[in-house]
Amino acid sequence: MIRVYSSFTKAYLPKARTLAKSLKALHPDWVFHAVFSDSLPEDFDLDAEPFDEMLGMTDIGIEDAECWAFRHTVVELCTAVKGAALRHLLSLPDTDCVFYIDPDIMILNSMEPLVDMFEGASILLTPHMLEPEEESRLIEGNEVRATLAHGTFNLGFVGVSACEEGKAFARWWNRRLLEFCYDDVPNGLFTDQRWCDLVPSFFPGYKIVRDPGYNVATWNIDKRPVTRGEDGRYRVGDVPLRFYHFTGYDARWNYRHLLLKHAERYPAAKELWDEYALALEENGQNDEKLKHWKYDWFADGHKITPECRRHYRDNDNARKDFPDPYSGKYREHCAAMGFLGGKRGESIIEHLGYTGQQIRYLFVLLYRRLLKGK
379 MIRVYSSFTK AYLPKARTLA KSLKALHPDW VFHAVFSDSL PEDFDLDAEP
429 FDEMLGMTDI GIEDAECWAF RHTVVELCTA VKGAALRHLL SLPDTDCVFY
479 IDPDIMILNS MEPLVDMFEG ASILLTPHML EPEEESRLIE GNEVRATLAH
529 GTFNLGFVGV SACEEGKAFA RWWNRRLLEF CYDDVPNGLF TDQRWCDLVP
579 SFFPGYKIVR DPGYNVATWN IDKRPVTRGE DGRYRVGDVP LRFYHFTGYD
629 ARWNYRHLLL KHAERYPAAK ELWDEYALAL EENGQNDEKL KHWKYDWFAD
679 GHKITPECRR HYRDNDNARK DFPDPYSGKY REHCAAMGFL GGKRGESIIE
729 HLGYTGQQIR YLFVLLYRRL LKGK
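Okay, structure coming up:
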């Protein structure tokens with residue numbers, strides 16, 4: 379049996395629906411598992427969804443899940459559960475292989491060739507890039523900032539066989555993600571991705587998927603121009619476009635810039651982006667009740683800041699003194715420590731409206747200006 383899973387919260391439910399529907403249209407027999415780290419909407423009906431199964435954190439074996447979740451941002455949590463879910467799905471007796479696919483991906487052509495790639499391989503990985511850049515600005519943007527900082531492989535996709543090495547990889551990855559799945563680029567971590575830079579050293583049965591039709595995204599579209607054939611199918615060069623990764627779609631300040639940047643050169647890609655936007659709208663993208671994440675709030679309704687999470691994560695005494703981190707007592711402790719700011723407990727950075735990625739970029743620019751000033 380071929381199993382597919384994706385990890386998401388309410389906010390990404392429209393994307394996950396779009397992914398699952400696009401997959402099921404081509405592979406109705408593949409089983410789709412939704413790994414959900416949030417509270418379900420009140421009107422949620424699994425029978426009306428394109429998912430075969432919903433799995434929560436406790437279903438995949440995560441202990442003390444609520445407190446463990448507190449240590450993570452939403453992106454960190456949705457990536458941290460991936461190892462436990464993989465280990466769980468590989469343990470099922472009828473599993474042949476498992477594919478993880480990010481919810482912001484759309485399947486466009488058959489994925490069957492991936493199954494054949496397990497001949498002689500246990501782990502399938504897609505690199506961010508298959509060809510080196512030539513221009514300095516692209517080397518800096520795609521090779522330095524995108525790949526060296528965030529990992530050689532894009533973990534929006536990974537395929538794992540239910541063989542012994544595949545299960546060993548799942549155990550290894552899960553252990554790291556349970557303890558060290560954080561967005562901490564200065565200290566060598568970027569959620570689940572940087573860990574897989576070690577796969578070639580530890581697991582000889584890995585295989586790099588070099589077909590350019592898999593995992594096309596804004597960071598590699600310059601090397602993989604998207605076209606559309608007379609049959610309406612999307613292609614990359616002379617191969618089918620298997621799936622497109624819409625990373626950053628909700629970061630409108632960034633994605634609109636990328637759309638304008640590529641639209642004139644790649645009109646077929648613009649058509650695909652328009653189709654994706656329509657599919658998201660049909661699947662509930664504008665539903666306001668999907669916007670709030672369960673683990674974003676203290677029990678009294680105040681916002682949990684990144685500083686509160688890091689303090690609880692890194693401080694043994696805090697975890698001992700406050701066994702329930704969502705309580706008003708821990709929030710009061712955070713306020714006394716100066717970890718709260720802005721409205722309703724927003725951090726200063728959040729109050730200014732910047733994302734972590736934007737802040738890192740601003741620091742890089744500032745650092746370069748300081749160097750030039752010497």
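The opening residue of the sequence shown carries number 379 in this note's numbering; numbering runs sequentially from there. For each residue, glycine too, the CB sits at the ideal point set by N, CA and C. None of these values were measured; they are calculated from a predicted model.
Item checked: Rounded separation between D472 and R465 - CA only -> 14 Å
**Asked** Using a Cβ-Cβ cut-off of 7 Å (strictly less than) and excluding sequence neighbours within five positions of S725, which residues of its own chain qualify?
**Response** Annotation note: pLDDT 44 at S725 (below 50); position unreliable, coordinate value reported separately. So the list reads T683, P684, E685, G719, once near-sequence residues are dropped.
What's the call for G529, buried or exposed, on a 16-neighbour Cβ count within 10 Å?
-> buried
**OP:** Apply the 10 Å Cβ neighbour rule to T451 and answer buried if 16 or more other Cβ atoms are within range, or exposed otherwise.
**Re:** buried
Q: Could you tell me which of D694, H623, P603, H689 sits nearest to G716, measuring between CA atoms?
A: H689
>> Looking at the strands, I want to know which residues DSSP matches up with C475.
In response: I380, S539
Would L598 and M495 qualify as a contact pair, given that the criterion is a beta-carbon distance under 7 Å?
Before going further, note that residue 598 is Asn rather than Leu in the sequence given. In this structure, M495 does not lie closer than 7 Å to N598 by Cβ.
Exercise for review: Write down the C-beta distance between L401 and F410 rounded to the nearest angstrom, noting that I regard them as a contact closer than 8 Å.
Suggested key: 6 Å
Exercise. Thinking C-alpha only, which one of F386, N664, W446 is nearest D480?
Worked result: F386
Practice problem: Could you pull the start and end residues of the beta strand (DSSP E) that A412 belongs to? | Solution: 409-414
Check T596 in the structure and name its three-state DSSP category. coil
message = Please tell me whether G461 and N520 are closer than 7 Å, where the distance is taken between their beta carbons.
response = no
Worksheet item: Could you give the residue range of the alpha helix (DSSP H) that holds L397?
Response: 391-404
Determine the DSSP secondary structure at G607, reduced to helix, strand or coil. coil
Requested in this report: For T396, count neighbouring C-beta atoms within 10 Å of its own C-beta (all shown protein chains included) and say buried if the count is 16 or more, exposed if not.
Outcome: buried
Report the rounded CA-to-CA distance for N593 versus K698, giving the unit in angstroms. 43 Å
- Cβ neighbours of G662 in the same chain (closer than 6 Å, five flanking residues each side left out): P392
Extent of the continuous alpha helix (DSSP H) run through H623: That residue, H623, is in no alpha helix (DSSP H); its beta strand (DSSP E) goes 621-623.
| said: I'd like to check one pair, T504 with F535: are the Cβ atoms closer than 7 Å? | reply: yes
Reference D561, options L404, Y383, E454, closest by Cα: E454
Which complete alpha helix (DSSP H) runs does the region 635-678 hold, if anything under 4 residues is left out?
645-660
message: Applying the 10 Å Cβ sphere with the 16-neighbour rule, what's the burial state of A403?
response: exposed
- Task: Classify M435 as buried or exposed, calling it buried when 16 or more other Cβ atoms lie within 10 Å of its own Cβ.
- Result: buried
TODO: Reducing DSSP to helix, strand and coil, say where Y584 ends up.
DONE: strand
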